[in-house]
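Notes for the one structure printed next.
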Amino acid sequence: MIPTIPTPRALRVIWTGYVALFFVYLVLPLAVVAVFAFNDSQFPSLPWQGFTLDWFFGKTAPKIGVFHERSILGAIATSAIVGACVAVLSVAVGTSNAFLFNRYKFRGRGVLYVLMLLPLVVPGIVLGISILVFSSTVANGLWDTAKIDAVFLRPGLVLVVLGQFSFITTIATLVISARLQKFDQSLEEAALNLGANRLTAVRTITIPFLMPAIVGAGVVAFLMSFENFNTTLMLVGSDAPLTIAMFDRLKEGSTPLLNAVSLLLMLGSSLLALTLIAFQKRS
Amino acid sequence: MTSAPDLECTALTRRFGETLAVDDVSFSVPAGSFFSILGPSGCGKTTIMRMIAGFLEPTSGDIAIKGRSVLDVPPNKRPVNMVFQHLALFPMMNIEGNIGYGLRRAGMSKADIARKVDEVLERIGLPGIGKRKVDELSGGQRQRIAIARCMVLEPDVLLLDEPLGALDLKLRERMKIELKSLQAAFDTTFVYITHDQSEALVMSDRIAVMNKGRFEQVGTGQDLYYRPETSFVASFVGDSNRWRGTVERVEGGTAQLRTDTGLTMRAAAKGGAAKGAAVDIFVRPEAIRIGRDAADLAQFDNQLSGTVGSLLFNGAASRIIVTSDETGGELEVTLPQSGEFADLTRGAPIHIGWSAAQANCFAAGEG
Amino acid sequence: MTSAPDLECTALTRRFGETLAVDDVSFSVPAGSFFSILGPSGCGKTTIMRMIAGFLEPTSGDIAIKGRSVLDVPPNKRPVNMVFQHLALFPMMNIEGNIGYGLRRAGMSKADIARKVDEVLERIGLPGIGKRKVDELSGGQRQRIAIARCMVLEPDVLLLDEPLGALDLKLRERMKIELKSLQAAFDTTFVYITHDQSEALVMSDRIAVMNKGRFEQVGTGQDLYYRPETSFVASFVGDSNRWRGTVERVEGGTAQLRTDTGLTMRAAAKGGAAKGAAVDIFVRPEAIRIGRDAADLAQFDNQLSGTVGSLLFNGAASRIIVTSDETGGELEVTLPQSGEFADLTRGAPIHIGWSAAQANCFAAGEG
Amino acid sequence: DTLRLLTWGGYAPDNVIAKFEEETGHKVEVTMSNNEEMIAKLRATGGGGFDLAQPSQDRIEGPQKEFGIYKPLDMSQIKTELFTPSMLEATKKNSTVDGEIYAVPHIWGTSGLIVNTAEADGVKDYTDLCDPSLEGKVSYRLKRPTLIGFAFSMGLDPFEAYGDEAAYTEIMEQVEQKLIECKPVVKTYWSGGDELLNLVRSGEVVAAMAWDTGGWKLNSDNADINFVAPTSGALGWIDTFVLPAKGKSDQAAYDYINFVMQPEIAAMITESAGNFTASKGADEFASDELKAQYQGSFPAEAVDNIKWYPPVPAGLEAIEGGILDRVKAAQ
Amino acid sequence: MAASARLGFILLLMPLLLWLTLLIIIPHVDMLMLSLRERVGVGEYETSIANYKTVLTEPLYMRTFMRTAVMSILATLITLLIAFPVSYYIAKMVRGRARSVLFLLCLIPFWVSELVRTFGWMILLRETGVISQFLQWSGLVSGPVEMLYNDAAIMTGLVYTSMLFMVVPLVTTLDSLDDAVIEAGYDLGGSGWSVMREIVIPHAVPGIVSGCIVVFMLSLGNYLTPTMLGGKDSLWFTEMIYSQFIVRFNWELGAAFGFMLLFASSFIIWAMLRLTGQTLERTMG
Ligand SMILES: Nc1ncnc2c1ncn2[C@@H]1O[C@H](COP(=O)(O)OP(=O)(O)OP(=O)(O)O)[C@@H](O)[C@H]1O
Ligand SMILES: Nc1ncnc2c1ncn2[C@@H]1O[C@H](COP(=O)(O)OP(=O)(O)OP(=O)(O)O)[C@@H](O)[C@H]1O
Ligand SMILES: NCCCCNCCCN
Ligand SMILES: [Mg+2]
Ligand SMILES: [Mg+2]
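Laid out in C-alpha cells, this is it:
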C-alpha cells in the first residue's frame with residue numbers, strides 16, 4: 241500500500257505489472273507512429289519494406305519528404321505563428337487576471353471567477369461555432385449597413401487565434417494564479433518599505449517571482465495552441481495550421497509523410513518540455 | 002526636552018469596519034532606545050506597525066518621526082524601515098541584491114552600493130557572503146541580513162514585527178541576545194513587537210503591554226513584572242497562580258480576600274479594590290516559599306498546608322503542585338534553586354507561605 | 002520480577018544504507034509508566050518508534066510486548082497504537098468517525114461503538130463534540146482526540162512521536178501537564194519521543210537520552226539533570242556555561258582544570274578524566290552564587306570577580322552576563338528569585354562562586 | 008499578387024504551380040477541399056478568404072442564388088479559345104444566374120465502381136456493393152453522389168425528381184433503406200481519394216464506388232483492379248473555376264485559368280489528377296496508357312450512358328443530409 | 005493612493021471583461037439567438053423554437069445525443085478505473101526519482117497532438133495493422149482481424165486521449181494525502197481494503213471529480229477520435245454539429261445542436277458536483 245506497510249508480494253508484483261502494462265499502452269501508438277516514419281512504403285503499415293529517410297528528405301514524388309513539402313512546412317509556420325500569438329496574448333491577460341483575483345476583493349468577484357473557469361467546461365467545438373456565429377453576425381452587419389468588409393472577422397487566422405485564446409487564457413490564469421498565491425505579499429511591502437514605488441516593486445520583485453509560471457504558462461499555451469483541433473476546425477480560413485492540414489491529408493489517406501511530421505512534432509515538443517523543466521529547476 | 006523623540010504616536014486609532022483594531026494609542030520612543038509592544042495575538046500590534054510604516058492609514062491620530070508628521074508621506078518615502086515577521090528577504094536575489102535593493106531605489110551608484118553593502122556585512126559579522134543565495138543561509142544569518150537590509154538605509158526608526166517568531170527555540174534564545182547587541186552597535190531606535198513576554202523582557206528598554214487595541218501599561222520590564230497595574234498585565238507577563246475572589250476588608254494598601262475556591266488571603270490592593278468588590282488575585286510561583294514545618298513560614302501573611310500533588314521537574318525551573326488540605330485547590334510553587342526540596346515525593350505533606358506584598362489583586366476584568 | 006515489562010527492546014538496530022539510524026539499543030518499559038526518548042533531530046527517535054509500531058523492520062534485535070515478540074506481527078495487529086507528530090487525524094471523518102475507526106475495524110457493533118466513543122470523549126473532557134469536523138477543533142482539542150482515538154482500543158503501549166511539536170508555546174506548556182494527567186487517568190504505558198528537554202523532564206518517569214542512534218543515559222529527570230554521565234547529556238539537558246579545558250591535577254573525585262580561555266577551576270571529574278586530558282566543563286547558571294563581596298563566597302571552590310556585562314531581565318528566570326576581570330570570558334549566572342540583586346546595573350563589579358560538585362567535567366566529546 | 012486557390016486534391020500539382028509562379032510572378036496558396044466544404048467556407052466568409060475556387064458545375068447556381076458567394080466572370084479576360092466548346096457551353100448554361108456567367112469548366116470525369124476482379128468479379132452496378140459475400144470489403148463515400156448512384160441502379164431517376172421535393176424525398180427514402188441494409192457489408196465510408204486507394208491497394212477493400220481516375224491509377228500497379236462504369240450509368244461531373252465574391256486578386260485568378268488551360272499545362276494536371284480537362288487539344292499530350300484505360304472503362308455505349316449532374320436546386324441538400332445522417336447512425 | 009488603486013483595479017479588470025464578454029458571453033448569446041431562428045424562405049427568417057423541436061422530435065438526433073453522452077460517461081468511468089491504480093502507484097508506492105520519472109512518462113503522450121495519437125491507433129488497429137499482424141504471426145488468429153471502425157476502437161481512443169487529465173489530478177490529490185494518515189489507519193487496525201475505502205478514496209474525491217469533469221468534457225466534445233476510429237459506425241454529436249455547419253449550411257440547427265451539447269455537459273458536470281459536494285472553484289481553480 242505504501243512502502244512502510246508490509247504488503248503481500250503477490251499484490252506488489254501484480255500491481256507493478258499492471259503499471260508496466262499501462263505504460264506500454266501509453267507508448268505503443270507513439271512508437272508505431274515514429275517507427276513507420278522510416279518504412280520504405282507508401283502506406284504506414286506492415287510489412288516492413290526497408291529503412292528510408294525519404295519521408296524526411298525525399299525530393300521526388302511520390303516520396304516527397306517533410307522538408308520539401310511546401311504545404312506542410314507552411315502549415316508548421318502558421319501553427320508556430322498562431323501559437324506564439326496565443327501564448328503572448330493569453331499569458332498577458334492571464335497575468336492580469338491573476339493579479340485581479342489575487343489582489344482585489346470586489347463585488348461580483350465570485351461570479352467573475354466562475355465565468356473565468358467556464359471556458360474549460362465548454363466543448364471546444366461549441367466555443368468555435370459560437371465565435372464563428374458572432375463574428376459572422378458582426379461582419380455581415382458591417383457589410384450590410386456600411387459596406388465595410390471586416391476581413392479579420394471572417395474565418396481565418398485572426399479568429400483561430402481568438403478562438404484558442406478564449407480558453408487557453410483560463411489555463412494561463414490558473415497557472416499564474418497558483419504561483420501568485422504562493423507569493424508572500426510582504427515581499428512587495430518590503431520593497432515599498434525599502435523605497436520602491438508600487439510599479440517598481442511589482443517589476444523588480446513580483447514579476448521575477450512569477451517568471452517560472454509565466455514561462456510555463458507560455459509554453460503550455462503554445463503547445464495547446466499547436467495541437468488544438470476542435471476549436472480551430474470551425475474557425476480556420478485559407479491558411480490552415482498544422483493539425484488541420486494534417487487532418488485534411490489524413491482524409492486523403494495515410495502516408496508515412498504524416499508519420500514523419502508527427503515524429504518531428506514529438507521531438508519538438510519534447511525539446512520544449514525539457515527546456516521548460518530545466519528552466520523551472522533553475523529557478 | 003530639547004530634541005524631539007524619534008517616534009511619537011498621538012491618539013492613534015484604526016478601525017476595520019466594526020473592529021477597533023487600535024484604540025487611541027499614544028506613545029513616544031526616545032532616540033536610540035529599544036521599545037517593545039507586547040500583547041496577545043490579534044491585539045493590534047501589527048496594525049500599529051503598519052500604520053507607522055505607511056501601509057495602513059490611521060483612522061485618526063498622528064504619527065511623527067523626529068518631530069515631523071509623516072501621515073502624508075507614502076511608505077517608500079518614510080524614514081522608517083521594517084523587518085517583517087517572516088523576514089521577506091527577496092528569494093530571487095542574492096544577499097548583495099537584497100541589501101543593495103533600497104540603495105538602488107535611491108539611485109546610488111554601483112560602486113557606492115558595493116562598498117556600503119560590504120561595510121554593513123562586515124558590521125553584522127557576515128563578511129564575504131554577498132554572493133550567496135538567501136536559502137543558503139541559516140535562520141540566524143537571515144535574521145541579520147534582514148536587519149542589515151534596513152540598516153544600510155540609515156532609517157530613523159527600525160520596526161521589527163515578531164522577527165523571531167519563525168525560529169526554533171534554541172536559536173530564538175541566542176538571537177534575543179544578539180538582537181540587543183545589534184541595536185547597541187547600530188545605535189538606532191528599535192520598535193519591536195512580540196507576543197512572547199520573555200523576548201520583550203530580555204531586550205527592551207521600555208515595553209508597552211497591549212490588549213484589545215489599547216496600551217494597558219508602559220514601563221520597564223521590572224515595572225511590568227513586579228508592579229503590574231492591571232489584571233491583564235499581571236496575567237500576561239510571567240506565570241502566576243490566579244484566583245477570582247471578593248474583598249472582605251481593606252486596611253491601608255492591604256486587602257483581606259476570599260477566593261471563590263474558599264481560600265482566604267491578604268494581598269496588595271491595586272486600583273480601587275473596595276469592600277465586596279470582585280477581584281482577580283495573582284501570586285507568582287516563585288514568590289511562594291516552602292517549608293517542612295508551618296513554623297518556618299511564620300513571617301508570611303499567607304500560609305497554607307497541603308500535600309504535594311505533582312512534581313514538575315524541569316531543572317532550574319522545577320515546580321510542584323500543592324493541593325490545599327483545606328479546600329482541595331491547587332497552587333503551583335517553584336522549588337528553590339538550591340535543590341533543598343529535591344527529595345520531595347508525591348503525596349508528602351508540605352507548608353507554603355507568601356507575603357501580602359507578593360500577592361496582587363485587581364478589580365476583576367474579563368481577561 | 003513476576004510480570005514481563007509492557008515493552009522490551011533488545012539490541013535493536015536499524016540501518017538505512019550507510020546510515021546506522023538506530024545502533025544496538027536495549028531498554029524496557031514497565032507497565033503503566035511514562036518513558037521518554039529525548040534527543041536532537043535526526044538521532045533516530047522516530048526510527049525506534051516506527052519499528053515498535055511495525056512500519057519499519059529492524060535490521061536486527063527484538064521487540065517484545067508483554068513478553069511476546071511482535072516482529073512477525075503486522076502493524077494493524079500489534080497491541081500498540083501511535084499518536085503521530087502531526088496527529089494524522091482523518092480529515093474525511095468527524096470526531097466520532099475518527100475515534101470509532103479502530104473499533105469498527107475490530108468489528109464492534111454500532112451501539113457499542115457509540116457508547117465507547119461517548120465514554121472516551123467524556124474521559125478526555127470533551128463530551129458532546131462527536132459530530133464536529135476535525136478542522137473545527139483547536140490544536141489542544143485535536144491533540145486529545147488523537148490520544149483518545151488510540152486509547153479507546155486499550156493498547157498495551159501508546160507511542161507518541163513529538164505530539165506537541167506543532168502547538169504554540171503557551172498551549173504546549175498546558176498540554177504537558179494535561180498529557181501527564183491523561184496518562185495517569187488511562188493508566189497505560191506511554192512511550193514518548195521529543196527533542197524538547199523540558200517536555201521530557203516534566204512528564205516522564207524515566208528518560209532515555211539518545212544521540213546518533215545510541216542511548217547515552219537512561220534515568221529519571223533528576224538523574225539526567227544533576228548526574229549526567231556524558232558530555233552530551235550534560236549539554237543537551239538544561240542550560241549550562243560550557244568550556245573546553247585540560248586537566249591539571251586529579252584529587253579523589255575532584256579535578257583541577259584550566260579552560261582554554263584561561264580560567265582555572267575545580268570540578269567533579271566524571272569518567273576517566275586523567276591528568277593532561279582534554280575535557281568539557283559544564284556549570285549551570287543557577288549553580289553559581291553571586292555576592293557583592295568576595296568574602297561572601299569564601300565557602301566555594303571556585304571564585305571569580307568580574308563586572309555585569311548585560312542584564313537579561315526575565316522575571317523569575319532573569320540572568321546576568323558576568324565578564325571576568327581576569328580573562329574577559331563571559332558567564333551566564335541566574336539571579337536569585339528573592340530579587341536580592343534586582344538593583345544591579347550594567348558595569349557594576351560583582352563576585353561569583355560555585356562549588357566543585359556543581360561543575361562537571363567529561364572527557365572531551367565532539368558534541 | 009498572391010492567389011489563394013481553393014481546390015480538390017491533385018488539381019494543383021507542385022510542378023504546375025512552380026511554373027505558374029515563375030512565369031507570372033504571382034504566388035499561389037493551395038487549400039484542398041471538396042464541394043461541401045468549399046461552399047461552406049465561402050459561405051462563412053461571405054465569399055472571402057479565397058481568390059479562386061473549383062466547385063462542380065452543379066453546385067454553382069443554387070448556392071449563388073441563396074448566399075451570393077461568387078462573382079460574375081468577366082468573359083473578356085478568359086481565353087475561351089482554349090476550351091473544348093461543348094463543355095464550355097454546357098458549363099456556362101448551368102452556371103448562369105440572372106444573366107451573368109459564373110463558371111468555366113476545368114476538369115471532368117465520372118464516378119463509378121472500382122473493382123478488384125480477382126476478388127469481386129460480380130460487381131457490375133452500385134447495388135452489387137451490398138452483396139453479403141463481400142462483407143467487410145466494400146467502401147463508398149457517404150455523400151450525395153452515392154445516393155444518386157444507388158438511386159439509378161435501383162431503377163429510379165433522381166435527376167428527374169430534382170424539381171419535386173416530395174418525389175425526391177420518396178426516392179431518397181428508398182435509397183436510405185437500401186444503404187442501411189447494405190451497411191454491414193461496408194468496411195468504412197471513405198472520405199478522401201487517396202484513402203480509398205490505400206484501402207484497395209492493401210487488399211482491405213475489393214470493391215468500391217469511386218472516381219474513375221483512382222481506378223486507373225490502381226490499374227497501373229495491379230491489373231486485376233480497374234474502374235468499371237456501372238450498368239446503370241457512371242455519374243458525370245465537371246469541376247469548374249469560379250471567382251469567390253470577395254476575392255482580391257481577380258487578375259491572378261484569370262491569369263491562372265488561362266495558364267492552366269494551355270494544352271501542355273492541362274496535360275500535366277491530367278497526369279497528376281488522373282482526369283481529363285476541358286482544355287482543347289490537351290488530350291494529345293495525355294499518356295497513351297491513360298487513354299487506353301479510359302477506353303477500356305468506357306466502351307461507346309457506356310459513354311452515352313453517363314449521367315451528367317444537372318444543377319442542384321436549393322433545398323435538396325437538406326433532404327439528402329437527413330438521409331445520410333440516418334444511414335451513418337444506423338447500427 | 006486609493007485613487008491609484010482604483011485605476012489599477014480598472015486596468016486589470018478591463019482585459020478580463022473584454023475577454024469574457026466578447027469571446028465567451030456574447031458569442032454564446034448570439035448562438036442562442038441564432039438557434040432560435042427559423043428559415044422560412046430564401047434569406048427570410050423568423051424567431052421560433054422550430055430547431056429545438058426538430059432536435060427533440062427527430063429520433064436520430066436524440067439517439068445520437070444520448071449515445072454520445074452515454075459513451076462519454078462510460079469512457080470517463082473506464083479512464084478512472086484504469087488511472088486510479090496507476091496514480092496511486094505513482095503517488096504512494098514509489099519514491100524519489102522513479103516517481104518523477106513515472107509521472108513525466110505519463111505526460112509524454114500529450115506532448116503530441118490528438119491527431120497524431122489517433123493516427124497511431126489507426127496504424128495499430130487496422131486490418132493490415134500492427135496488432136492484427138502480430139496476432140497472425142503469433143498464431144492466435146488465422147486471418148486478418150479488423151479492429152478499427154467500431155465502438156471499442158472509439159473507446160480505446162477516448163480513454164487514451166483522456167488519460168492525462170485523469171492521472172494528473174489524481175496524483176496531485178493522492179500526493180497531498182499524508183502517509184501518516186494511511187499509517188494511522190493501519191495502526192488502528194485497518195486493512196488494505198478498508199483504508200483504501202474509508203481513507204484514500206474519500207480523500208481523493210476532489211481529484212476524482214475534477215478528473216472526471218475534464219475527461220467527460222473532452223470525450224463529449226471530441227471530434228477526431230470518433231470520426232477517425234469509429235468510421236462507419238459512429239455518429240458523434242460533434243460530427244452532427246460539424247455537418248450542420250459545414251456540409252448542410254444549416255447554422256440555425258447547428259447552433260441548436262451546439263446548445264444541446266453545452267446544456268448536456270453543463271448539466272452532467274453540475275450533477276457530478278452536486279453529488280460529490282464539490283464546487284467548480286475547488287475542483288478546477
Ligand atoms: N486588513 C484587515 N481587515 C480587517 N480586519 C483586520 C485587518 N487587519 C487586521 N485586522 C483585525 O485587527 C485586529 C488586530 O490585528 P493585528 O494584525 O494588528 O494583530 P496582531 O497583534 O499583530 O496579532 P498577531 O500577533 O497574531 O500578529 C485583529 O482583530 C484583526 O482581525
Ligand atoms: N527511510 C529512510 N531512508 C533513509 N534514511 C532514513 C530514513 N528514515 C530515517 N533516516 C535517517 O535515519 C536517521 C534517524 O532518523 P529519525 O527520523 O529516526 O530521526 P529523529 O530522531 O526522529 O529526528 P527528528 O527529531 O528530526 O524527527 C536520520 O539520519 C535520517 O536521515
Ligand atoms: N481526385 C479528385 C477528384 C475530384 C472529383 N470531383 C468530383 C465531384 C463530384 N461531385
Ligand atoms: Mg501581527
Ligand atoms: Mg522524528
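Chains as they are written, first to last, in our numbering: chain W, 241 to 523; chain V, 2 to 368; chain L, 2 to 368; chain G, 8 to 338; chain F, 5 to 289.
For every residue, glycine included, the Cβ atom is placed at its ideal position computed from N, Cα and C.
Looking at the DSSP output, K34(G) sits in a beta bridge with T9(G).
In this structure S61(L) is exposed. Its beta-carbon is surrounded by fewer than 16 other beta-carbon atoms within 10 angstroms. In this structure, DSSP gives P306(G) a state outside helix and strand, which the three-state scheme calls coil. The set of residues with any CB-heavy atom separation to ligand 2 below 6 Å comprises, in chain order, F17(L), T20(L), A22(L), G40(L), S42(L), G43(L), C44(L), G45(L), K46(L), T47(L), T48(L) and H196(L). Using a CB distance cut-off of 8 Å, L204(G) counts as an interface residue toward chain W. Excluding sequence positions up to five before and after I454(W), its CB lies within less than 7 Å of the CB of V331, T335 and I416, all in the same chain and listed in chain order. For the options F339(W), L355(W) and G493(W), the alpha carbon positioned closest to that of S198(G) is the one of G493(W). Listed along the chain, the chain W residues whose CB falls inside 7 Å of the CB of G103(V) are L434 and G435.
Residue state for A343(L) is assigned as coil, using DSSP reduced to three classes. For T20(V), there is no enclosing alpha helix (DSSP H); the enclosing beta strand (DSSP E) covers residues T20 to V30. In the DSSP assignment, L264(L) is bridged to no other residue.
Residues of the segment 85-115 of chain V with a C-beta less than 7 Å from any C-beta of chain W: F85, H87, A89, F91, M93, Y102, G103, R106 and A107, listed in chain order. Between T52(G) and chain W, the shortest Cβ-Cβ separation is below 8 Å. Distance from the C-beta of E428(W) to the nearest heavy atom of ligand 5 is not below 7 Å. Shortest Cα-Cα distance from R293(V) to any of V210(V), K117(V), F342(V) and Q142(V) involves F342(V).
Here DSSP, grouped into helix, strand and coil, assigns L360(W) to helix. Proximity of N279(W) to chain F, defined by a Cβ-Cβ separation below 8 Å, is not satisfied. The three-state reading of DSSP puts L161(V) in strand, counting E and B together. Here the alpha carbons of L13(L) and L72(L) stand approximately 11 Å from one another. When the Cα atoms are used, F85(L) and A184(F) turn out to be separated by approximately 7 Å. For the segment 102-126 of chain F, the beta-carbon criterion of a distance under 9 Å to any beta-carbon of chain W is satisfied by L106, L108, L109, C110, L111, I112, P113, F114, W115, V116, S117, E118, L119, V120, R121, T122, F123, G124, W125 and M126. The segment 195-224 of chain V is shown to contain whole beta strand (DSSP E) runs of 3 or more residues at 207-212 and 215-220, in chain order.
Membership of D191(F) in the alpha helix (DSSP H) is indicated by the continuous run D183 to D191. For S426(W), the chain V residues whose Cβ falls inside 8 Å of its Cβ are F85, Q86, H87 and A89, in order along the chain. Under a criterion of Cβ atoms nearer than 8 Å, the residues of chain G adjacent to A480(W) are, in order, T38.
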